[in-house]
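Asker:
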Amino acid sequence: MNEMNTITIVGSINLDRTIRVEKMPKPGETMHTKEIFSSGGGKGANQAVAAKRSEAKTQFIGAIGQDDAGQVMFELLTQEGIDLTGVVTLENQATGQAYITVDSQGENSIMIHAGANNAFTPAHVRAHQQTIEQSDFLIAQFESTLASTIEAFTIARAADVVTILNPAPAFTKVPEALLKVTDMIVPNETETEILTGIKITDEASMQEAATVLHDWGIQAVIITVGSKGAFYSVDGRSGMVPAFKVEAVDTTAAGDTFIGSLSSVLKKDFSNLEEAIRYGNKASSLTVQRFGAQPSIPYKNELSEEI
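Just so we're aligned: 1560 in our numbering is position 222 of the sequence shown, and the numbers increase by one with no gaps anywhere.
(1) Return the first residue and the last residue of the beta strand (DSSP E) that residue 1397 is part of.
(2) For residue 1607 and residue 1436, what's the separation of their Cα atoms in angstroms?
(3) How is the beta strand (DSSP E) around residue 1575 delimited, first residue to last?
(4) Smallest Cα separation from residue 1443: which of 1534, 1367, 1586?
(5) Do residue 1598 and residue 1463 have their beta-carbon atoms positioned less than 8 angstroms apart in this structure?
(6) Excluding five sequence neighbours on each side, which residues of the same chain lie with their C-beta closer than 8 angstroms to the C-beta of residue 1619?
(7) For the stretch 1419 to 1432 against the stretch 1622 to 1642, are there 3 or more C-beta pairs whose distance is under 8 angstroms?
(8) Measure the C-alpha to C-alpha separation of residue 1544 and residue 1493 and round it to an integer number of angstroms.
(9) According to the neighbour-count rule (16 or more other Cβ atoms, all chains shown, within 10 Å of its Cβ), is residue 1416 buried or exposed?
(10) Does the beta-carbon of residue 1384 have 16 or more other beta-carbons within 10 angstroms, so that it is buried, or is it exposed?
(11) Checking 8 angstroms against the spacing of the C-beta atoms, do residue 1382 and residue 1347 come in under that value?
(12) Any idea which residues DSSP pairs residue 1358 with across the strands?
(13) What's the gap between the Cα of residue 1380 and the Cα of residue 1453?
(14) Can you list the alpha helix (DSSP H) stretches of 4 or more residues lying completely in the stretch 1461 to 1549, in chain order?
(15) Is it buried or exposed for residue 1616, if we count other Cβ within 10 angstroms and need 16 for buried?
(16) Excluding the 5 residues preceding and the 5 following residue 1456 in the sequence, name in chain order all residues of the same chain whose CB lies nearer than 7 angstroms to its CB.
(17) Helix, strand or coil: which one does DSSP assign to residue 1637?
(18) Just to confirm the assignment, what range does the alpha helix (DSSP H) spanning residue 1411 have?
(19) Across which residues does DSSP place residue 1449 in a beta bridge pair?
(20) Exposed or buried, residue 1445, counting other C-beta atoms within 10 Å across all chains shown (16 or more means buried)?
(21) Restricting to Cα atoms, I'd like to know which of 1441, 1497, 1511, 1498 is closest to residue 1480.
(22) State the Cα-Cα distance for the pair residue 1353 and residue 1636, rounded to the nearest angstrom.
(23) In angstroms, rounded to a whole number, what distance separates the CA positions of residue 1553 and residue 1546?
(24) Excluding the five sequence neighbours on either side, which residues of its own chain have a C-beta within less than 6 angstroms of the C-beta of residue 1623, listed in chain order?
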């Protein structure tokens, strides 16, 4: 592989609290749980952990609160070896937290309290401009303030840093200011439909949606379709890269693992996109076979064997 990529992530840090149940409770229903545990989470932090475990130099810009959850997350990410110079501790804000219910089929439902993730500002991003400018890739999601993401992407674009947007959780009207500084977008089927209005049913509909996204000025499009794999479209090349067939127990962080891992091996000109997607698919196939967000993210040495 090429030399190590430097990746900066702007986004969310959450402490995940996972509850395992046999089946999802209906409104008004009380039930016993099988297990309850806490682990590191937040789309931004998951993507950072995935990139770092695939041996990319990884930096983070974001915020935590002055609370136990923030302390836990700061320590967890420090142990991973992620550069947290860009992470600020905010008073009067709770650290982001997610409450995740996972049923025996591995399906999840998630409630998120954004807290500090939604409180760091474009000025905070500007204070870490140099961190962004020294990166190969900048990745963001929609779990933190939009204005801060736009600021970060604008700085990146001016410095020839490749920007990757994971539009999750999706909303219908993404600001033009963000689209025009996005080089690659990585939505799943649902997010693609929310963004483009095109229902994803087959490869033709994915191509149609990709065309809409390209028309917005985005060079590379990857649509992740879970157990079916990922569709890509870049510079006139497009196709499906199939997923690895596995038995999923918990799909939490699968998409984040895919993006973080992929970015660790991707070339800035997207010339090895198919190969990078295969690597991301392999990583997320291991993630879904394990419980929890960050605990389930694989290391590079687990991935090199069968690609």
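Every residue, glycine too, gets a C-beta built ideally from N, C-alpha and C.
Answerer: This is what the structure holds:
(1) 1395 to 1403
(2) 35 angstroms
(3) 1575 to 1579
(4) Checking every option, the nearest Cα to that of residue 1443 belongs to 1586.
(5) Residue 1463 places its beta carbon 8 angstroms or farther from that of residue 1598.
(6) 1567, 1568, 1579, 1580, 1581, 1582, 1596
(7) no
(8) If you draw a straight line from the Cα of residue 1544 to the Cα of residue 1493, it is about 30 angstroms long.
(9) In the assembly as shown, residue 1416 is an exposed residue. Its beta-carbon has fewer than 16 other beta-carbons within 10 Å.
(10) buried
(11) yes
(12) 1373, 1440
(13) 12 angstroms
(14) Taking only runs of at least 4 residues, the alpha helix (DSSP H) segments lying wholly in the stretch 1461 to 1549 are 1467 to 1471, 1484 to 1496, 1514 to 1517, 1527 to 1534.
(15) buried
(16) 1482, 1483
(17) coil
(18) Where residue 1411 is concerned, the enclosing alpha helix (DSSP H) stretches over 1406 to 1418.
(19) 1437
(20) Answer is exposed; the Cβ neighbour count stays below 16.
(21) 1511
(22) 19 angstroms
(23) 11 angstroms
(24) 1582, 1584
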